[in-house]
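As numbered in our numbering, residues 797 to 1224 make up the sequence shown, in order.
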Amino acid sequence: MSSLTREFDAIVFGATGFTGAMVVEDIARSNKDKLSWAVAGRNKAKLQEVLNNVASTLNDQSIKNIPLVIADVADEASLKAMAQRARVILDCVGPYRFYGEQVVKACIDAGTDFLDVSGEPQYLETIALKYHKQAEEKGVIVVNTCGFDSIPADLGTAFAVQQFGTPELVSNIESYLSIHSGPEGMGGHYATYESAVHGFGARGELDQLRRQAGASARLPIVAPPIKRRAGAFFHKESDRWCMPFMGADASVVRRTQRVNYEARGVSPIQYGAYFTISSFWTLILFFFFGSIFQLFARYPFGRKILLKHPKLFTFGLFSHEGPTRRQLNTTSFSMTFYALGYSSKDAVETKRPDKKIVTRVAGPEPGYIATPIFLVQSALVLLQERKTIPYKGGVLTPAAAFAQTSLIERLQQHGVNFSVIKVEALKK
797 MSSLTREFDA IVFGATGFTG AMVVEDIARS NKDKLSWAVA GRNKAKLQEV LNNVASTLND
857 QSIKNIPLVI ADVADEASLK AMAQRARVIL DCVGPYRFYG EQVVKACIDA GTDFLDVSGE
917 PQYLETIALK YHKQAEEKGV IVVNTCGFDS IPADLGTAFA VQQFGTPELV SNIESYLSIH
977 SGPEGMGGHY ATYESAVHGF GARGELDQLR RQAGASARLP IVAPPIKRRA GAFFHKESDR
1037 WCMPFMGADA SVVRRTQRVN YEARGVSPIQ YGAYFTISSF WTLILFFFFG SIFQLFARYP
1097 FGRKILLKHP KLFTFGLFSH EGPTRRQLNT TSFSMTFYAL GYSSKDAVET KRPDKKIVTR
1157 VAGPEPGYIA TPIFLVQSAL VLLQERKTIP YKGGVLTPAA AFAQTSLIER LQQHGVNFSV
1217 IKVEALKK
């Protein structure tokens, strides 16, 4: 178990990056619990600049005095020294496929818990395969994807399951993500785009990794297997065109089912992740740019071109400057969950779901407003409610770690709403 006598409760590593600076702002804004914390990175002057900017934004000059820690992913000794000073590290340095493993290893060696906001399946599953046993033995909790990938999907699925009373009554859940932008549109930072480019380029490695990990082994289910939707389709209940979501959500939620089943015998549910598209013409544009993106991402030379021209290949969505404050303040997300299951254990025997529950998770701009909220509240739960987490250590998913804690309630208090939209009896 991580030491309770460390100099800091938490250190934000990578505080000078776009996402890291937003995490610093959120932890400074929400630190009513008066936890001790510090910011870490390679450059002392840039770290101080981040603190000065946050102090100005929040009109709180005391933030300028938050301690600075110098650490570099290329310097193993500095990572170990950083990890030894805190109870938990909040890692904001990506792409994680290049810079994440070193920090995870340093934290496990130091007996320090670790959280990040990664959304790269190849990195996530590599860390689980290589470090789960080590983390378990050391009593260290490692939770990746504590940002928009994949807190809404994973905890949203857990919330939907809770409405049935027990996982044994749930057959399958599909989630549909919608992003709502204001008059100036939405935007993303280059670092997010960079992670996506390398993530698509590593899809072959991911398939091989899953075979090695045995992730293809089937889990028991309480209903016939659901048919995965492929390609574009029109979803009547959303009244929108939809596509399979190509981020980490499906990978994370399915790993939650496997972790909980193998460790605690919790009945697994089937899950599919999709995103909605506002119009048919937007769908055509998505196909055009998406096809080019996937083709180029397969090859080193193509990835180099993609990385050199982020605006061109994303229709202006991603840039080195990132979104403006106005774009951030006028963008929001909603993720709607359609859960099929049974009204009773007797009904399960029919293998025909007779109950449908629709739930929703909704909140502010997902990548740079909601993500810091998710990460900071996850850290506070880990620090304050560790005894409610059903695992003493290991590489876990957000729902495996936090479904039995107050995290959902905490998120509701910070502008992320979990709600039940509809409960419906299905005709037999």
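All C-beta atoms in this analysis are idealised placements derived from N, C-alpha and C, irrespective of residue type, glycine included.
The alpha-carbon of D905 is positioned some 33 Å away from that of H1210. Ranking Y892, H928, P963, F1109 by CA distance to the CA of S1087 puts F1109 first. Cα atoms of G997 and F1089: separation of roughly 10 Å, rounded to the nearest angstrom. If you draw a straight line from the Cα of I1017 to the Cα of S977, it is about 38 Å long. Spanning the alpha carbons of I1101 and F1092 requires a straight line of approximately 8 Å. When beta bridges are read from the DSSP output, K1023 appears opposite no residue. Separation of L1203 and Y1134 (C-alpha to C-alpha, rounded to the nearest whole angstrom) is 22 Å.
One Cα belongs to G943, the other to N861, and the distance between them is close to 27 Å.
DSSP assignment within the segment 850-908 yields the following whole alpha helix (DSSP H) runs of 4 residues or more, N-terminal first: 872-879, 892-895, 897-906. From the listed residues A1044, A1195, V850, the smallest Cα separation to I823 is found for V850. For the pair T908 and A1028, the Cα-to-Cα distance works out to about 44 Å. Assigned with DSSP and collapsed to three states, A1221 falls in strand. Taking P863 as reference, the option from N855, R825, A870, V820 with the minimal CA-CA separation is V820. For H1031, the enclosing beta strand (DSSP E) covers residues 1029-1031. Take the alpha-carbon of V865 and the one of V957: they are about 42 Å apart. Take V1048, set aside five residues on each side of it, and the residues of its chain with a beta-carbon closer than 6 Å to its own are T941, S946, D950, T1193, in chain order.
Here A1069 is buried: its Cβ has 16 or more other Cβ atoms, across all protein chains shown, within 10 Å.
If you check the CB distance, I1022 and Q1053 do not come in under 7 Å. For secondary structure counted as the alpha helix (DSSP H) over 4 or more consecutive residues, the segment 961-1005 holds these complete runs in sequence order: 986-997.
L1207 sits buried, since 16 or more C-beta atoms from the chains shown fall within 10 Å of its C-beta. Here D1150 is near K1224, since their CB atoms are less than 7 Å apart. Secondary structure at Q1208: helix, using DSSP grouped into helix, strand and coil. Distance from the Cα of I1153 is smallest, within the candidate group I1165, E1205, E1220, P1106, for E1220.
Annotation for V1055: A1196 place their beta carbon closer than 6 Å to its own, counting only its chain and skipping 5 residues before and after.
Boundaries of the alpha helix (DSSP H) around V1172: 1167-1180. Secondary structure note for L1015: it is in no alpha helix (DSSP H), with a DSSP letter that is neither H nor E. Comparing C-alpha distances from S874 to each of I859, G896, R838, L886 shows the shortest one belongs to R838. The beta strand (DSSP E) runs of length 3 or more contained entirely in the segment 1053-1095 are, from start to end of the chain, 1066-1073. In this structure, the straight-line span from the alpha carbon of L1005 to that of Q930 is close to 19 Å.
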